[in-house]
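In this note's numbering, the protein residues as written are 2 to 137.
Even glycine gets a Cβ: it sits at the ideal position worked out from N, Cα and C.
None of these values were measured; they are calculated from a predicted model.
What follows is a single structure, written as structure tokens, with notes after it.
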């Protein structure tokens with residue numbers, strides 16, 4: 002069975018619903034873009050593919066970790082497989098550019114979802130610059 006077929010999309014939807022109004026919070030186990038994507042991967046695959054990334058609890062800490070790993074793209078490239086934008090599936094991660102810098106969001110289909118200041122926010126899929134498979 003392929004990893005695509007093994008994904009638990011019900012668990013992914015439940016995670017998104019549970020975090021709908023959760024405020025943004027820095028930390029690998031909190032609610033920033035990387036932690037949200039990591040939680041989405043765990044929910045749908047049962048595997049914490051971002052477990053080896055160093056932890057952080059503040060914006061400064063996150064920036065330090067990402068700088069040490071070569072930036073957000075390089076950090077994700079180090080643990081997940083990049084996929085062509087057209088082949089990125091529901092539950093995969095998409096890189097977007099925001100007013101505060103690059104961010105990873107979870108692909109829902111025609112939209113991407115990720116943490117915002119006062120809950121989850123959505124962007125059109127067309128905003129995606131790169132994509133990574135949640136399957137690894």
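In the structure shown, residue 117 adopts extended strand secondary structure according to DSSP, grouped into three states. Judged by DSSP secondary structure, residue 104 falls within the beta strand (DSSP E) whose first and last residues are 102-108. Residue pairing of residue 125 in beta bridges, as defined by DSSP: 112. Residue 100 sits exposed, since fewer than 16 C-beta atoms from the chains shown fall within 10 Å of its C-beta. Residue 124 and residue 112 do touch by the CB rule: their CB atoms are close to 7 Å apart, below 8 Å.
Within the stretch 27-101, the complete alpha helix (DSSP H) segments of 4 residues or longer fall at 34-46, 60-69, 73-78, listed in chain order. If you draw a straight line from the Cα of residue 72 to the Cα of residue 11, it is about 32 Å long. Take residue 77, set aside five residues on each side of it, and the residues of its chain with a beta-carbon closer than 6 Å to its own are 133, in chain order. Rounded to whole angstroms, the separation of the alpha carbons of residue 87 and residue 49 is 25 Å. Annotation: the continuous beta strand (DSSP E) that includes residue 131 extends over 131-133. Of the residues assessed, residue 116 falls on the buried side of the cut-off, its CB having 16 or more other CB atoms within 10 angstroms.
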